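Residue numbers (my numbering): 836 to 1030. Quick reminder that beta carbons are idealized off the backbone N, C-alpha and C, glycines included. Please read all numbers here as calculations on a predicted model, not as lab measurements.
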Ligand code: 5GP
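Shown next, in the form of structure tokens:
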């Protein structure tokens, strides 16, 4: 998605440890005009798919997922990160190792909001090592719902997540795939770039 790649080049900041900061438009300050275009693009890419629910993970996936969901006219459910242990029975749970925070946390979704008959699209802001999407896919499987696919705004193609998710047979659509990024020069290249 050219508009997105241009914006990443303009406003993305390459940080140490393979972290791309996009706080100016994606996950702190949020450019809702860009989000609208992102929603249209996911709708276009999953036009053939039957989807009745979008599942994301708090916090930074929520804004994007809501605007995507408006295109599909379906509800959004977000997995909560929790420390509460005594909730088994009412929720589906999985574990996710955080790329940005380097720790493992539990994620939960109420059984009320996900179940057999649901056709679920996963949405998230970033794909790095794939742990967030894998955790969400686990919740879908545990609920008996059908996983239709996953959409991420930015895939870091030099990390293992994209291959891991595709190897599981999950249909994955990434709107921008970063091929390389240089902390010193700030240069970012994309997988489909002509240059
Ligand atoms: P994964 O589970 O695929 O390793 O990482 C995905 C999650 O980590 C996303 O939900 C996102 O919030 C966060 N993340 C991973 N890489 C980056 C990055 O380079 N920049 C930012 N801002 N978040 C990232």
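- Residue 1005 carries a coil assignment under DSSP once its states are collapsed to helix, strand and coil.
- Between residue 953 and residue 888, the C-beta spacing is below 8 Å.
- Measuring C-alpha to C-alpha distances from residue 1006 to each of 860, 916, 880 and 836 identifies 880 as the nearest.
- Beta-bridge partners assigned by DSSP to residue 899: none are found.
- In this structure the region 967-980 lies against the region 942-950, because at least three pairs of beta carbons, one per stretch, are closer than 8 Å.
- Residue state for residue 867 is assigned as helix, using DSSP reduced to three classes.
- In this chain, residue 886 is not harboured by any alpha helix (DSSP H), its DSSP state being neither H nor E.
- Taking a cut-off of 8 Å for Cβ pairs, the region 904-918 and the region 854-865 do not touch, as fewer than three such pairs fall below it.
- The continuous beta strand (DSSP E) containing residue 929 extends over residues 926-932.
- Annotation for residue 851: 1018 place their beta carbon closer than 8 Å to its own, counting only its chain and skipping 5 residues before and after.
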